[in-house]
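Asks: In our numbering, the protein residues as written are 973 to 1269. Quick reminder that beta carbons are idealized off the backbone N, C-alpha and C, glycines included.
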Ligand code: SIN
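(1) Which full runs of the alpha helix (DSSP H) of 4+ residues lie inside the segment 1170-1244, going along the chain?
(2) Check residue 1264 in the structure and name its three-state DSSP category.
(3) Compute the Euclidean distance between the alpha carbons of residue 1122 and residue 1178, then round it to the nearest angstrom.
(4) If we count the other Cβ atoms within 10 Å of its Cβ and call it buried at 16 or more, is residue 1267 buried or exposed?
(5) Return the chain-ordered ranges of every beta strand (DSSP E) run that is complete within the segment 1079-1131 and spans a minimum of 3 residues.
(6) Ignoring anything shorter than 4 residues or poking outside the segment 984-1053, list the alpha helix (DSSP H) runs there in chain order.
(7) Find the nearest neighbour of residue 1083 within the set 1026, 1105, 1196 and 1065, judged by alpha-carbon distance.
(8) Taking only three categories from DSSP, how would you classify residue 1256?
(9) Evaluate residue 1186 with the Cβ neighbour count: other Cβ atoms within 10 Å of its Cβ, from every protein chain shown; 16 or more gives buried, anything less gives exposed.
(10) One question on the structure: do residue 1009 and residue 1184 come within less than 8 Å of each other, judged by their Cβ atoms?
(11) When the Cα atoms are used, what is the spatial distance from residue 1170 to residue 1055?
(12) Tell me which residues share the same chain as residue 1269 and place their Cβ nearer than 7 Å to its Cβ, disregarding the 5 neighbours each side in the sequence.
(13) First and last residue of the beta strand (DSSP E) that includes residue 978?
(14) Just checking, does the segment 1226-1244 make contact with the segment 1089-1105 on the three C-beta pairs under 8 Å criterion?
(15) May I ask you to report which of helix, strand or coil DSSP gives residue 1061?
(16) Do the CB positions of residue 985 and residue 1014 come within less than 8 Å of each other?
(17) Measure the CB-CB distance between residue 1222 and residue 1058 and report whether it falls below 8 Å.
(18) Compute the Euclidean distance between the alpha carbons of residue 1181 and residue 1205, then round it to the nearest angstrom.
(19) May I have the straight-line CA-CA distance separating residue 1075 from residue 1137, to the nearest angstrom?
(20) In whole angstroms, what is the alpha-carbon distance linking residue 1200 and residue 1112?
(21) Leaving aside the five residues before and after residue 1188 along the sequence, list all residues of the same chain whose C-beta is less than 6 Å from its C-beta, in chain order.
(22) Run the Cβ filter for me: residues under 5 Å from any heavy atom of the ligand SIN, listed in the order they occur in the chain.
(23) Just list the residues that DSSP pairs residue 1068 with in beta bridges.
(24) With the cut-off set at 8 Å, would you say residue 1051 and residue 1066 are in Cβ contact?
(25) Quick one: what's residue 1246 bridged to in DSSP?
(26) Would you decide whether residue 1253 is buried or exposed? Buried here means 16 or more other CB atoms lie within 10 Å of its CB.
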């Protein structure tokens, strides 16, 4: 029997009583999907699944994406994006070492941004009995609902531009600094012209209605939103900084402490998320699948 236990005030639930290595009947899948969309973040503990089983489960929610960073895809399974600080026998990074440095929503720079992501914990760094490398999620629907009515009305009329190009350049520059500061070996090449050309900037409304729950949320994020339209960059930066500070208040956040075998899903339309990098040189290995969502307007 499936049990759903809400963890955070506005988001986050544990779903138990499910073995994701087994095929799920339609009724069970519908229960999972309902619990997931209602709670915006949902996780299953103690799973033991292969890459193919993770792909099969998340594919039930829709079309899977293959990440623009081909070098971080899992060999033989293009749909799995590898997040890890591990190196292969030749000293090369086996996946993205830097993903999630900023609050963001996965692939939000696309015309059809991601609906949801699923992250499976293969190796989790633990120090003195405490898991490191937590992931934090903020509900942009709860944050929007908490704004004063006049502010909500005003935001309905504003649009924003999401830019993979600006994100990668910002992230690349930060890595160069961080390497010097923390002596962390992050292997990262500057984005290639081919990568940048494949994901042009996308303009969209700041306020987005969720296609399933019909909740309205703020579809902006520090990682990918380059600017708000209809104002100067300085004004846009100021306004965005205030909105980000609002969204990431503790009451709108659920922080996940990982265990090996966790499969956690988040709703990229309703929440944004951020990784922590407090575990080097302990190894961390995660597999992510991402489901394409409807086009933004
Ligand atoms: C991500 O942004 O998808 C990565 C989250 C994490 O590795 O904690």
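Replies: Taking the definition as stated:
(1) 1205-1219
(2) Within the chain shown, numbered from 1, the residue matching residue 1264 stands at position 292. Strand at residue 1264.
(3) Translated into positions along the chain shown, residue 1122 becomes position 150. Translated into positions along the chain shown, residue 1178 becomes position 206. Cα to Cα, residue 1122 sits roughly 15 Å from residue 1178.
(4) Taking the first residue of the chain shown as position 1, residue 1267 is located at position 295. Residue 1267 should be labelled exposed.
(5) 1086-1095 and 1107-1111
(6) 998-1011 and 1023-1031
(7) In the chain shown, counting from the first residue as 1, residue 1083 sits at position 111. Of 1026, 1105, 1196 and 1065, the residue nearest in Cα terms is 1196.
(8) Mapped onto the chain shown, residue 1256 falls at position 284. Coil.
(9) Position 214 of the chain shown holds residue 1186. Exposed, because fewer than 16 other Cβ atoms sit within 10 Å of the Cβ of residue 1186.
(10) On the chain shown, residue 1009 is found 37 positions in, with the first residue counted as 1. On the chain shown, residue 1184 is found 212 positions in, with the first residue counted as 1. Yes, they are a contact pair.
(11) Here residue 1170 is taken as the residue at index 198 of the chain shown, counted from 1. Here residue 1055 is taken as the residue at index 83 of the chain shown, counted from 1. Answer to the nearest angstrom: the Cα atoms are 21 Å apart.
(12) Along the chain shown, one-based indexing puts residue 1269 at 297. 1176 and 1177.
(13) Residue numbering aside, residue 978 sits at position 6 when the chain shown is read from its first letter. Counting along the chain, the beta strand (DSSP E) containing residue 978 begins and ends at 975-978.
(14) yes
(15) As a working mapping, residue 1061 is identified with position 89 in the chain shown. Coil, per DSSP.
(16) By 1-based counting over the chain shown, the position of residue 985 is 13. By 1-based counting over the chain shown, the position of residue 1014 is 42. Contact: yes.
(17) Translated into the one-based positions of the chain shown, residue 1222 becomes position 250. Translated into the one-based positions of the chain shown, residue 1058 becomes position 86. Cβ atoms of residue 1222 and residue 1058: not closer than 8 Å.
(18) If you number the chain shown from 1, residue 1181 lands on position 209. If you number the chain shown from 1, residue 1205 lands on position 233. Approximately 26 Å between the Cα atoms of the pair.
(19) The count along the chain shown starts at 1 and reaches residue 1075 at position 103. The count along the chain shown starts at 1 and reaches residue 1137 at position 165. Between residue 1075 and residue 1137, the C-alpha separation is close to 16 Å.
(20) Mapped onto the chain shown, residue 1200 falls at position 228. Mapped onto the chain shown, residue 1112 falls at position 140. Each residue's Cα considered, the two are about 17 Å apart.
(21) Along the chain shown, read from residue 1 onward, the residue named residue 1188 stands at position 216. The answer, listed in chain order, is 1116, 1179 and 1181.
(22) 1055, 1071, 1072, 1107 and 1247
(23) Position 96 of the chain shown holds residue 1068. In DSSP, residue 1068 forms a bridge with 1055.
(24) For the purposes of this step, residue 1051 is identified with residue 79 of the chain shown, where counting begins at 1. For the purposes of this step, residue 1066 is identified with residue 94 of the chain shown, where counting begins at 1. Contact: no.
(25) Counting from one through the chain shown, the residue named residue 1246 turns up at place 274. Answer is 1108.
(26) Sequence index remark: in the chain shown, residue 1253 carries index 281 (1-based). Residue 1253 comes out exposed.
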